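Accompanying notes for the structure given below.
Protein chains: 2
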Amino acid sequence: MRIGELADRTGTPRRLLRYYEEQGLIVPGRSPNGYRDYHEGYVDRVLQIRGLLDSGLPTRVIKQLLPCLHSKPRAIHITDPTPETIATLERELERISERIQCLVRSRDAIADYLETTRRSQQPAAVAAAGSGATARYETAGV
Amino acid sequence: MRIGELADRTGTPRRLLRYYEEQGLIVPGRSPNGYRDYHEGYVDRVLQIRGLLDSGLPTRVIKQLLPCLHSKPRAIHITDPTPETIATLERELERISERIQCLVRSRDAIADYLETTRRSQQPAAVAAAGSGATARYETAGV
DNA sequence: TCAAAGGGTCACATTGATGTGAAGGTCAAG
DNA sequence: CTTGACCTTCACATCAATGTGACCCTTTGA
Chain A
1 MRIGELADRT GTPRRLLRYY EEQGLIVPGR SPNGYRDYHE GYVDRVLQIR
51 GLLDSGLPTR VIKQLLPCLH SKPRAIHITD PTPETIATLE RELERISERI
101 QCLVRSRDAI ADYLETTRRS QQPAAVAAAG SGATARYETA GV
Chain B
1 MRIGELADRT GTPRRLLRYY EEQGLIVPGR SPNGYRDYHE GYVDRVLQIR
51 GLLDSGLPTR VIKQLLPCLH SKPRAIHITD PTPETIATLE RELERISERI
101 QCLVRSRDAI ADYLETTRRS QQPAAVAAAG SGATARYETA GV
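Chains A and B supply the protein sequences, listed in that same order. Okay, so the first sequence: first residue is 1 according to full-length UniProt numbering, each after it adds one. Okay, so the second sequence: first residue is 1 according to full-length UniProt numbering, each after it adds one.
Below, the structure written as C-alpha cells:
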C-alpha cells in the first residue's frame with residue numbers, strides 16, 4: 001500500500017510516517033516510480049510505534065526495541081543480539097516497568113477518585129443519568 | 001526546605017522545579033526573603049510529576065490529575081469537581097489505561113525476547129557468568 | 001568585611017515530535 | 001491534454017520540556 005492508505009488506516013499524518021522512516025523505525029520498499037510501498041504488517045507496526053511514542057519512549061529507544069516486538073513466531077532471532085544490545089534491553093525493560101508502575105498508581109488513584117466522587121454524588125441522579133458515561137477500568141487485566 | 005535541597009532529594013534540576021511551578025504543578029510558599037519554601041510532601045509530589053512526564057503525559061494533563069493523586073486520606077474532596085472535570089478525568093483514565101496496555105505488551109515482549117535469547121545461549125557460560133546480570137521483571141505485581 | 005554558596009529573575013538555545021507549505025513528478029479519469 | 005489526487009523532497013515553524021548563562025541579591029562563615 002502507499003503512504004496515504006497507511007496514513008488513513010493508522011490515523012497517522014504522512015509527515016510522521018516519513019519521519020519514522022527517517023528515524024529508521026520503518027523501512028518501506030519503493031515502487032518503480034519512487035513511491036513508498038508498505039506491506040500489511042506496517043499497520044500494526046506503526047500503531048505500536050505510536051503507542052510507545054505516546055508512552056514517552058523516544059524514537060531512538062523504540063528503534064532498539066522493535067526487533068523484540070516482532071518475534072511473533074518463536075523462531076530463531078536473525079540478528080543474534082550482542083551483549084551490549086542485551087544490556088540495553090535489560091535497562092529499557094527496567095525503565096518501562098517503572099513507567100508502568102507509575103501509570104498504574106496514577107490510574108488507580110484516578111479510578112478511586114472517580115469512584116469516590118460518584119458515590120458521594122446523589123445516587124438517584126447518577127442511576128438515572130450515569131449509565132452512559134460509566135467509566136470502565138479493570139484492575140484485573142493488566 | 002529550599003529549592004536546592006528539593007533538587008538534591010528528587011534529582012531534579014532547579015530550573016525544572018521552577019518550570020513545574022510556572023506550569024502550576026507545584027505552588028511552594030515563599031520565605032520573607034523571597035526564597036521558595038517547600039514542605040516535605042513536595043518530594044513525593046515532584047517524583048510523581050517526573051514519573052508522569054517520563055510516561056508521556058504533558059504538564060497540562062498532569063495538572064488536572066494532581067488533585068486525585070493526593071487524596072491520601074479518603075477525605076472529602078475540597079473542590080468538588082465539575083462535570084467537565086469528571087469527564088476529563090474519565091478520558092484521561094482511558095488514555096492512561098491504553099498506555100499501560102501498550103507498555104505491558106512491550107515489556108512482556110522484551111522479557112520474552114531476553115528469556116529466549118538467554119535460553120538459546122550456551123547454558124554453561126550463562127550459569128557461570130550470568131547470575132550477576134539476571135533481569136528481574138515480575139509479570140505478577142502489576 | 002569579604003568570599004562562597006545558594007537564591008531570584010530573565011532570556012535565549014536546544015532537542016524531539018510535529019505542523020505546514022512550496023515546488024515539482026506520476027497517474028487515472030474526463 | 002488537462003485536471004485533480006496522490007506522491008516526492010526540502011525547509012522552515014511550532015510546542016513542550018529542558019539546558020545554560022547573565023546578572024543581581026541574601027545568608028553564612030572565616
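Yeah, the Cβ is synthetic: ideal placement off N, Cα and C, and Gly gets one too. Remember, it's a predicted structure, so these values are computed and weren't measured experimentally.
| Item | Value |
| --- | --- |
| Please compile the residues from chain A whose C-beta is within a distance smaller than 8 Å of the C-beta of B:P81. | T117 |
| In whole angstroms, what separates the C-alpha of A:L69 from that of B:P32? | 55 Å |
| Would you be able to state if there are at least three C-beta pairs under 8 Å between the segment 1-14 of chain B and the segment 35-44 of chain B? | yes |
| Determine the direct distance from the alpha carbon of B:P28 to that of B:E22, and round the result to whole angstroms. | 11 Å |
| For a cutoff of 7 Å on Cβ pairs, would you count A:L69 as touching chain B? | yes |
| Report all residues from its chain with a CB closer than 8 Å to the CB of B:R56; omit the five preceding and five following residues, and keep chain order. | At residue 56 of chain B the sequence reads Gly, which differs from the Arg that was named. Same-chain partners within the cutoff: R99. |
| Looking only at its chain, what residues have a beta carbon closer than 8 Å to the beta carbon of A:Y20, apart from the 5 residues adjacent to it on each side? | I26, V46, I49 and T59 |
| Chain A beta carbons: is any one of them nearer than 7 Å to that of B:R18? | no |
| By alpha-carbon positions, which one of A:R119, A:R107, A:E92 and A:P83 ends up nearest to B:E92? | A:R107 |
| Taking all protein chains shown into account, decide if B:R15 is buried (16 or more other Cβ within 10 angstroms of its Cβ) or exposed. | exposed |
| Taking only the alpha-carbon atoms, compute the straight-line gap between B:L65 and B:L103 and give it to the nearest angstrom. | 20 Å |
| Do you know how far the Cα of B:E94 is from the Cα of A:D112? | 14 Å |
| In chain order, which alpha helix (DSSP H) runs of at least 4 residues are fully inside the segment 49-103 of chain A? | 59-65 |
| According to DSSP, which residues form a beta bridge with B:D37? | B:G29 |
| Taking a cut of 7 Å between CB atoms, which residues from the segment 47-63 of chain B lie near chain A? | G51, L52, D54, S55 and G56 |
| Just checking my contact of B:E90 with A:L114 at CB under 8 Å: how many whole Å lie between their CB atoms? | 7 Å |
| Between A:Y113 and chain B, is the shortest Cβ-Cβ distance under 7 Å, so that the two count as touching? | yes |
| Can you tell me which of the three DSSP states B:R2 falls into? | coil |
| So which residues on chain B does A:I110 lean against when the C-beta distance must stay under 9 Å? | L65, C68, L69, L89, E90, E92, L93 and I96 |
| Please state whether the Cβ-Cβ distance between A:R36 and A:I3 is less than 7 Å. | yes |
| If you draw a straight line from the C-alpha of B:M1 to the C-alpha of B:R105, how long is it? | 41 Å |
| In whole angstroms, what separates the C-alpha of B:I110 from that of B:L52? | 22 Å |
| Of all Cβ atoms in chain A, is any one closer than 7 Å to the Cβ of B:I100? | yes |
| Leaving aside the five residues before and after B:H39 along the sequence, list all residues of the same chain whose C-beta is less than 6 Å from its C-beta, in chain order. | none |
| So, helix, strand or coil for A:T12, using DSSP? | coil |
| Whole angstroms are fine: how far does the CA of B:I62 sit from the CA of B:L6? | 20 Å |
| By alpha-carbon positions, which one of A:P67, A:D80 and A:T85 ends up nearest to residue 192 of chain A? | Outside the displayed span of chain A (1 to 142) sits residue 192 of chain A, for which this structure offers no information. |
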